[in-house]
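Below: the structure, in structure tokens.
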Amino acid sequence: METTITERAAWAAAFVAVEYLLVLAAAIADMASGIRKAKRKGQATRSRALRRTIDKLLRYYNLLAILTIVDIMQIAATLYLRATEGYALPSIPLFTLTGSIGIALIEVKSIMENGSDKEKSDIAELDDLLDGIAKSDRLNQLINILKSLKK
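If you count the sequence shown from 1, position 9 lands on 308 in this note's numbering, and the numbers rise without skipping.
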């Protein structure tokens, strides 16, 4: 069954809307990861960090809006060629899709960094603890006693 130009445009618009929502979901997941990280460290959640998230979202959506405009031009051209010349070109918002995938990957990287910071701080804390133990006089006495028993 042949779809009409209106149906193709509606599907493309729905596809773009889903991409925009998924970028929002990725940014919210990153923000939640950052909030969890702050709570683990015992830090207060600051409005400055939340404003940075909003600013980041605005920059992302500005980029996506420009890519969507390019996609509208590209889709209009494919629909025109389909209607006038009979070319069966796909009308996919490719630029918006590529941009939203790139943004999602940036957010995934940010979430992974939030997680790895916790591991780094745990390792640093363990290192400090081991340094403290190694400098302990009682531990040195215990080691000397064990060495003397070994002989």
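Think of the CB as a built atom: it goes at the ideal place given N, C-alpha and C, for glycine as much as any other residue.
**Request:** Using 10 angstroms around the beta-carbon of D354, count the other beta-carbons present and answer buried if the total reaches 16, otherwise exposed.
**Result:** Taking the sequence shown and counting its residues from 1, the one referred to as residue 354 is at position 55. Its Cβ having fewer than 16 others within 10 Å, D354 is exposed.
**Message:** Please report the straight-line C-alpha distance between T344 and R351, rounded to a whole angstrom.
**Reply:** As a working note, residue 344 is residue 45 in the sequence shown. As a working note, residue 351 is residue 52 in the sequence shown. A straight-line Cα-Cα distance of about 12 Å links T344 and R351.
**Message:** Can you give me the C-alpha to C-alpha distance between R381 and L320, rounded to a whole angstrom?
**Reply:** For this step, residue 381 is matched to residue 82 along the sequence shown. For this step, residue 320 is matched to residue 21 along the sequence shown. Across the structure, R381 and L320 are spaced so that their CA atoms are roughly 29 Å apart.
**Asked** Can you check whether the CB of S399 is closer than 7 Å to the CB of A311?
**Response** Indexing the sequence shown from 1 puts residue 311 at position 12. Indexing the sequence shown from 1 puts residue 399 at position 100. No, these two residues do not count as a Cβ contact at 7 Å.
**Asked** Which class does I391 belong to by DSSP, given the choice of helix, strand or coil?
**Response** Stepping through the sequence shown from its first residue, residue 391 is reached at position 92. Correct three-state label for I391: coil.
**Request:** My understanding is that T395 touches L357, with C-beta atoms under 8 Å, so please give their C-beta distance in whole angstroms.
**Result:** Stepping through the sequence shown from its first residue, residue 395 is reached at position 96. Stepping through the sequence shown from its first residue, residue 357 is reached at position 58. The pair is not a contact, with the Cβ atoms about 17 Å apart (cut-off 8 Å).
**Message:** With a threshold of 7 Å on Cβ separation, who are the neighbours of L276 within its own chain once the five nearest residues in sequence on each side are excluded?
**Reply:** The structure shown has nothing for residue 276, since the chain only spans 300 to 450.
**Asked** What separation, rounded to the nearest whole angstrom, lies between the Cα atoms of A328 and I410?
**Response** What you label residue 328 is simply residue 29 of the sequence shown in a count that begins at 1. What you label residue 410 is simply residue 111 of the sequence shown in a count that begins at 1. Taking the straight line from one Cα to the other gives about 8 Å.
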